[in-house]
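Report on the following structure.
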Amino acid sequence: MVFMKRKSVFCAVVLIFVFMFMVTAPLLAAIKHTVKAGESLFIISKKYGTTVNALKRDNGLKKDTIYPGQVLRISNGVISSRSSGTSISEDDIYWLSRAVYGEARGESYEGQVAVAAVILNRLEDSKFPNTIKGVIFEPLAFTAVADGQIYYTPSVTAIKAARDAINGWDPSAGALYYWNPVKATSKWIWSRPIIKQIGNHVFAS
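In the working numbering, the protein residues as written are 331 to 535.
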């Protein structure tokens with residue numbers, strides 16, 4: 331009887347992990363781009379670090395003609411971060427979404443995007459590491475790394491928040507730091523000029 335119960339629990343855990351993978355994997359597997367007026371397959375291919383032929387293959391296109399509003403699937407692409415031109419891969423999105431989930435899953439959607447934006451802002455600042463994973467795993471930088479929550483499977487919302495930040499939304503207004511004012515005890519962090527507050531986090535330069 332005990333063996334059967336343990337077997338049932340094990341099966342349930344396996345099913346949960348399979349379901350979570352099925353939900354999140356498609357979001358991490360490909361990028362979707364909505365065609366804007368004036369864009370061509372060539373322009374889009376350069377933006378995502380792919381080729382015209384790859385775009386045509388992935389989307390079943392026979393000709394090079396595309397139309398505004400058309401949604402293109404871009405597999406294994408590399409996306410450019412905001413106006414900086416910094417290349418961001420699917421592996422970067424994987425870690426960025428985990429950081430968002432570990433650091434801010436209890437916050438509003440805007441607050442989650444803001445946390446992702448802070449990481450991207452650090453990526454563009456010479457004082458910080460020059461990769462997303464490097465920024466996230468910089469010693470003492472993020473609580474989610476210290477307590478292991480960085481390894482939790484991110485939610486669909488966290489993945490979407492990471493992508494929105496990559497696509498240019500920065501609710502933090504350029505912040506390089508954030509913290510919970512109720513919990514933060516570091517005198518140094520409180521010396522940073524506060525820009526705004528979103529939910530339980532204050533954001534600072």
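Every residue gets a Cβ at the ideal spot worked out from N, C-alpha and C, and that includes glycine.
query	result
Assigned secondary structure, T364 (DSSP; H/G/I helix, E/B strand, else coil)	strand
Beta-carbon proximity of L426 to I396, cut-off 8 angstroms	no
Contacts around P511, its chain only, beta-carbon distance under 6 angstroms, and the 5 residues preceding and following it disregarded	V532
7 angstroms CB neighbourhood of P556 in its chain, flanking five on each side removed	Only positions 331 to 535 of the chain appear in this structure, which leaves residue 556 out of reach.
Meets three-Cβ-pair contact criterion under 8 angstroms: the region 461-481 and the region 423-440	yes
Where Q442 sits in the DSSP three-state scheme	helix
Rounded Cβ spacing between I519 and A503 (contact assumed at less than 8 angstroms)	Wrong, their Cβ atoms sit about 18 angstroms apart, outside the cutoff.
Beta-carbon proximity list for A492, same chain, < 6 angstroms, skipping 5 on both sides	I423, L426, S427, V430 and A446
Exposure label - N451; buried when at least 16 CB within 10 Å	buried
Rounded straight-line distance, which links the Cα of S516 to that of I489	30 angstroms
With 16 other Cβ atoms within 10 Å as the buried cut-off, status of P545	Since the first residue shown for the chain is 331 and the last is 535, residue 545 is missing from the structure and cannot be characterised.
Among E440, I449 and Y507, the one whose alpha carbon lies nearest that of V465	I449
Own chain, CB closer than 6 angstroms to A495, minus 5 neighbours either side, in chain order	V443, A446, A447 and L450
Where the alpha helix (DSSP H) through Y424 begins and ends	E420 to A434
S375, buried or exposed, once every other Cβ within 10 Å from all chains shown has been counted against 16	buried
First through last residue of the alpha helix (DSSP H) which encompasses K463	I462 to I466
7 angstroms CB neighbourhood of P398 in its chain, flanking five on each side removed	V365, K366 and A367
Which of helix, strand or coil DSSP assigns to F372	helix
Own chain residues within Cβ distance below 8 angstroms of Y508, not counting five before or after	A444, V445, V448, S502, H531, V532, F533 and A534
Other residues of its chain near E468: CB distance less than 8 angstroms, five sequence neighbours each side excluded	F458 and P459
Those runs of the alpha helix (DSSP H) which lie wholly inside the region 444-511 and span at least 4 residues	462-466, 473-476 and 486-496
L385 and I404 closer than 8 angstroms at C-beta	yes
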